[in-house]
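In the numbering used here, the protein residues as written are 12 to 299. Worksheet: the structure to be examined is printed underneath.
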């Protein structure tokens, strides 16, 4: 499924989509900006707690096992390629240093933090709510995005049907070397492309027949954010601005490859308290 959304009665699910989208955006930005292991561990623990409250932790862990393979290669690649002066293991030409180890761990934690944020986006926010939230940017843009998202599973189903029909005619997709498999799969592209073009033309003609874009679109009903949701959205915006400001000042930005030590100071504790404190309103969730 492209949208494995789980309809669960949890505090997080009852929230309006807009503060949840802001929360996910802040976590994504922090996963890119922050490189300090202490910061990343605490943020990861906080986001894990949020996924637990949303009752999607088990589903998130199922995604995490795939991210674990990527993290393993990231860890291995950075340990073997990155340089440093404090050697902890030497095996022939392979030298493992403290700096490369810390840098690799930091990269893996950033990956896991992004995965947990992505899980909140996919499991705790309904796709229709996402489209409704971004509809303010223009209904034409929203309609295009909505059609694209809804076409994806249809195209995937068409691809499977084409492959099944070709297999029934004796075409092999799983035998041979990797290059042979790629060539056999390439034969699916042309009929799939033609099928998709025909469907898109039909949709365009149907929209034109119904007068799409002639007048301003009206909504039957619009959900307004409640006071506590507005407070959450404001708090998340403050957290984003504060996080970028602290990053510019050097907080959470550890250059391990150039000898930065693993540790924290009182200023780091204050910075973490401010950042997590401005994100913590999501714990209250939506009302019954």
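Using N, Cα and C, we set each Cβ at its ideal position, and we do this for glycine too.
Closest residue to residue i among the options (Cα-Cα distance)
i, options, result
"residue 106", "92, 216, 113, 181", "92"
"residue 272", "108, 23, 80, 17", "108"
"residue 196", "206, 174, 214, 215", "174"
"residue 209", "162, 237, 286", "162"
"residue 56", "76, 78, 123, 102", "123"
"residue 27", "294, 284, 235, 201", "235"
"residue 4", "282, 291, 35, 269", "An answer regarding residue 4 cannot be provided, because it is not within the stretch 12 to 299 covered by the chain."
"residue 25", "98, 64, 281, 176", "64"
"residue 82", "202, 17, 114", "114"
"residue 239", "270, 187, 296", "296"
"residue 158", "180, 245, 215, 99", "215"
"residue 125", "171, 256, 78, 188", "78"
"residue 302", "241, 137, 44, 127", "Absent from the model: residue 302. The displayed extent of the chain is 12 to 299, so no value can be given."
"residue 243", "269, 16, 18, 289", "289"
"residue 167", "143, 192, 207, 186", "207"
"residue 66", "18, 97, 80", "18"
"residue 21", "61, 177, 54, 212", "61"
"residue 218", "247, 155, 54", "155"
Strand pairing of residue i, partner residues [DSSP]
i, result
"residue 192", "None; residue 192 has no bridge partner."
"residue 200", "In the DSSP output, where bridge partners are listed per residue, residue 200 has none listed."
"residue 98", "108"
Endpoints, the beta strand (DSSP E) within which residue i is located
i, result
"residue 107", "105 to 108"
Boundaries (first-last residue) of the alpha helix (DSSP H) holding residue i
i, result
"residue 295", "Careful: residue 295 lies outside any alpha helix (DSSP H) and carries neither H nor E."
"residue 185", "It is not in any alpha helix (DSSP H) - residue 185 carries neither H nor E in the DSSP assignment."
"residue 239", "238 to 260"
"residue 48", "48 to 64"
"residue 79", "68 to 92"
"residue 44", "28 to 44"
Cβ-based burial, residue i [other Cβ within 10 Å; buried from 16]
i, result
"residue 13", "Residue placement at residue 13 is poorly supported in this model, since its pLDDT is 46, which falls under 50; the coordinates are not used for a value here."
"residue 165", "exposed"
"residue 112", "buried"
"residue 237", "exposed"
"residue 280", "exposed"
"residue 220", "exposed"
"residue 293", "buried"
"residue 260", "exposed"
"residue 282", "buried"
"residue 286", "buried"
"residue 110", "buried"
"residue 23", "buried"
"residue 179", "exposed"
"residue 101", "exposed"
"residue 256", "exposed"
"residue 16", "buried"
"residue 284", "exposed"
"residue 144", "buried"
"residue 58", "buried"
"residue 276", "exposed"
"residue 190", "exposed"
"residue 212", "exposed"
"residue 182", "exposed"
"residue 246", "buried"
"residue 54", "buried"
"residue 136", "buried"
### Task
Flag this pair as touching only if the stretch 31 to 45 and the stretch 244 to 259 have three or more C-beta atom pairs under 8 Å; answer yes or no.
Taking a cut-off of 8 Å for Cβ pairs, the stretch 31 to 45 and the stretch 244 to 259 touch, as three or more such pairs fall below it.
### Query
With contact counted as at least three CB pairs below 8 Å, one residue from each stretch, are the stretch 21 to 37 and the stretch 121 to 133 in contact?
Judged by Cβ distances under 8 Å, the stretch 21 to 37 makes contact with the stretch 121 to 133, as three or more pairs qualify.
### Message
Under 8 Å, with one C-beta from each stretch per pair, do the stretch 265 to 274 and the stretch 42 to 53 reach the 3-pair mark?
### Response
The answer is yes - the stretch 42 to 53 touches the stretch 265 to 274, with three or more Cβ pairs under 8 Å.
### Task
Take every Cβ of the stretch 113 to 122, pair it with every Cβ of the stretch 83 to 91, and state whether three or more of those distances are shorter than 8 Å.
At 8 Å Cβ cutoff, the stretches touch.
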